[in-house]
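Numbering (the numbering used here), first residue to last: 13 to 141.
Backbone N, C-alpha and C fix where the C-beta goes; we use that ideal spot for every residue, glycine too.
All values derive from a computational prediction rather than experimental measurement.
Since the structure comes first, as structure tokens, the remarks are kept for the end.
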């Protein structure tokens, strides 16, 4: 499935859970490709949240692959206005010990998210966790 398409091509179209699982498998078999997904999650492509979704799936399968990115993930969670990206990155942070440096700012951001009536319930649940 991914042989003919790049991660960006898959993530920029309407991708399915099956395709997300395929991306996860490729990255777990070729860990150096995590950088491609990370770059897409941090890009300005219209569906960057799907790359964050892929990162959350990768994290569930092999959490060590995301360890080098935890501080950056925490920073993005506190600054992004994209609620979908925030939700997916919080899913990652829940499965790791908090990085020391941004943990106070991250905690403040999570409290703001939990108490906001403008944020979807699912995102507030992840922020609470």
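Cβ neighbour criterion (16 or more within 10 Å) applied to residue i
{"i": "residue 91", "result": "exposed"}
{"i": "residue 79", "result": "exposed"}
{"i": "residue 42", "result": "exposed"}
{"i": "residue 127", "result": "exposed"}
{"i": "residue 93", "result": "exposed"}
{"i": "residue 104", "result": "buried"}
{"i": "residue 30", "result": "exposed"}
Cβ shell of residue i (< 7 Å), same chain only, five flanking positions each side left out
{"i": "residue 65", "result": "32, 100"}
{"i": "residue 74", "result": "40"}
{"i": "residue 118", "result": "86, 89, 90, 110"}
{"i": "residue 102", "result": "89, 138, 139"}
{"i": "residue 81", "result": "50"}
CA-to-CA distance, residue j to residue i, given in whole angstroms
{"i": "residue 96", "j": "residue 136", "result": "12 Å"}
{"i": "residue 28", "j": "residue 38", "result": "15 Å"}
{"i": "residue 122", "j": "residue 116", "result": "10 Å"}
{"i": "residue 70", "j": "residue 131", "result": "25 Å"}
{"i": "residue 25", "j": "residue 46", "result": "19 Å"}
{"i": "residue 57", "j": "residue 108", "result": "27 Å"}
{"i": "residue 106", "j": "residue 141", "result": "7 Å"}
{"i": "residue 63", "j": "residue 124", "result": "25 Å"}
{"i": "residue 72", "j": "residue 21", "result": "23 Å"}
{"i": "residue 35", "j": "residue 138", "result": "23 Å"}
{"i": "residue 134", "j": "residue 61", "result": "15 Å"}
{"i": "residue 54", "j": "residue 83", "result": "14 Å"}
{"i": "residue 23", "j": "residue 67", "result": "12 Å"}
{"i": "residue 52", "j": "residue 76", "result": "19 Å"}
Same chain only: Cβ atoms within 6 Å of residue i, ignoring 5 sequence neighbours per side
{"i": "residue 48", "result": "19"}
{"i": "residue 98", "result": "89, 92"}
Hey, which unbroken runs of the alpha helix (DSSP H) at 4 residues or more fall wholly within the stretch 63-96? Restricting attention to alpha helix (DSSP H) runs no shorter than 4 residues, the stretch 63-96 encloses them at 82-91, ordered along the chain.
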